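Every position in the sequence shown, counted from 1, becomes a number in my numbering once 48 is added.
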Amino acid sequence: MGKIKKYSFGYTLVEMLVVILIFLSINGIIISILSSTLRGTSKTKINNAVAQNGNYALSVISNTIANSSKINSMAGNTAACSGILPTPTPGLSNYIDLTGMDGIRKIIVCDDTAHTIRFTNGATSYSLIDTSQVVLAPSSVPVWCSFTCDQKNNDWLTPIITVSFRLNQAQGSVSERQASAVFHTSISLRNYR
Numbered sequence: 049m050g051k052i053k054k055y056s057f058g059y060t061l062v063e064m065l066v067v068i069l070i071f072l073s074i075n076g077i078i079i080s081i082l083s084s085t086l087r088g089t090s091k092t093k094i095n096n097a098v099a100q101n102g103n104y105a106l107s108v109i110s111n112t113i114a115n116s117s118k119i120n121s122m123a124g125n126t127a128a129c130s131g132i133l134p135t136p137t138p139g140l141s142n143y144i145d146l147t148g149m150d151g152i153r154k155i156i157v158c159d160d161t162a163h164t165i166r167f168t169n170g171a172t173s174y175s176l177i178d179t180s181q182v183v184l185a186p187s188s189v190p191v192w193c194s195f196t197c198d199q200k201n202n203d204w205l206t207p208i209i210t211v212s213f214r215l216n217q218a219q220g221s222v223s224e225r226q227a228s229a230v231f232h233t234s235i236s237l238r239n240y241r
C-alpha cells in the first residue's frame with residue numbers, strides 16, 4: 049500500500065459554514081435597515097396625504113364661511129345664529145347651509161355614510177377629500193366632524209363658526225400604514241348682514 053498524501057489547500061466544512069453564517073448575518077442587518085427605512089418613508093407619505101386632504105378641506109370650508117353673507121340653517125335649525133335673542137347654547141351640527149355674496153347657496157355636510165365632507169355650491173356637489181387616500185372618521189369617534197355657531201347676545205355681531213373634523217387613512221391595518229389627524233378652526237362671516 050502506498051502512503052496517503054496530505055494536501056494543504058482547500059477549505060474545511062467548518063470554515064465554509066462560518067463564512068456562510070457571517071454573510072447571512074450581514075445580509076440580515078442590511079435587509080432590516082432597508083425595510084425600516086422604507087416603512088418610515090411609507091408612514092411619511094401617509095401622514096402627508098392626511099395633512100394635505102385635511103388642509104385643503106379646511107381651507108375650502110374656511111373661505112366659504114368667511115365669504116358668506118348669511119347662515120340659512122345648521123342641522124335643520126333655520127334660525128341658527130341669526131335673529132335669536134339670546135342666542136341658543138351652541139350645539140354640534142354636522143351640516144351648515146350658507147348663502148354666499150353671489151347669492152348662491154353653499155352647503156357643507158359631514159357624510160357619515162360615504163365617510164367624506166360633501167360640498168355643494170349651487171348645482172355642483174363634490175367631496176372635499178380624496179376618499180381613496182383618507183376618510184372622515186366614523187361618527188362614533190370623538191371629534192368626528194362638526195360645526196358650531198356662536199353669536200353674542202346682539203344680533204348685529206358677526207357669528208363665529210367653529211369647524212372640527214378628524215381624518216383617518218383610508219386603508220391599512222399595519223401600524224406604520226395608519227394615520228389620523230384632527231383639524232380645527234374658527235371663522236367669522238366677513239360679509240354678515
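Here a beta-carbon is modelled for each residue, glycine too, at the ideal position from N, C-alpha and C.
Predicted model, so just to flag it, every value in this text is computed and none were measured.
The C-beta separation of Asn216 from Val183 comes to about 6 angstroms, placing the pair in contact by the 8 angstroms criterion. For Ala97 and Asn115, the gap between their C-alpha atoms comes out near 27 angstroms. Minimum Cα-Cα distance from Val211 among the listed residues Leu106, Asn75, Leu61 and Ala229 corresponds to Leu106.
Cα atoms of Gln181 and Val157: separation of roughly 19 angstroms, rounded to the nearest angstrom.
Within 10 angstroms of the beta-carbon of Ile113 lie 16 or more other beta-carbons, which makes it buried. A Cβ-Cβ contact shorter than 8 angstroms links Arg166 with Asp159.
In the structure shown, the three-state DSSP call for Ala229 is strand. Spanning the alpha carbons of Leu65 and Ile78 requires a straight line of approximately 20 angstroms. Counting only the Cα atoms, Trp192 lies some 5 angstroms from Arg214.
Leaving aside the five residues that flank Ala99 on each side, the residues in its chain whose CB is nearer than 8 angstroms to its CB run, in chain order, Ala229.
In the DSSP assignment, Gly148 falls within the beta strand (DSSP E) that extends over Tyr143 to Gly148. If you draw a straight line from the Cα of Glu63 to the Cα of Phe71, it comes to about 13 angstroms. Between His232 and the set Gln226, Ile209 and Asn239, the nearest pair of CA atoms involves Ile209. Straight through space, the alpha carbons of Arg87 and Gly76 are spaced by roughly 16 angstroms. Taking the CA atoms as reference points, Asn101 sits about 12 angstroms from Ala227. Nearest Cα to Val189 within the set Val108, His163, Thr85 and Asn103: His163.
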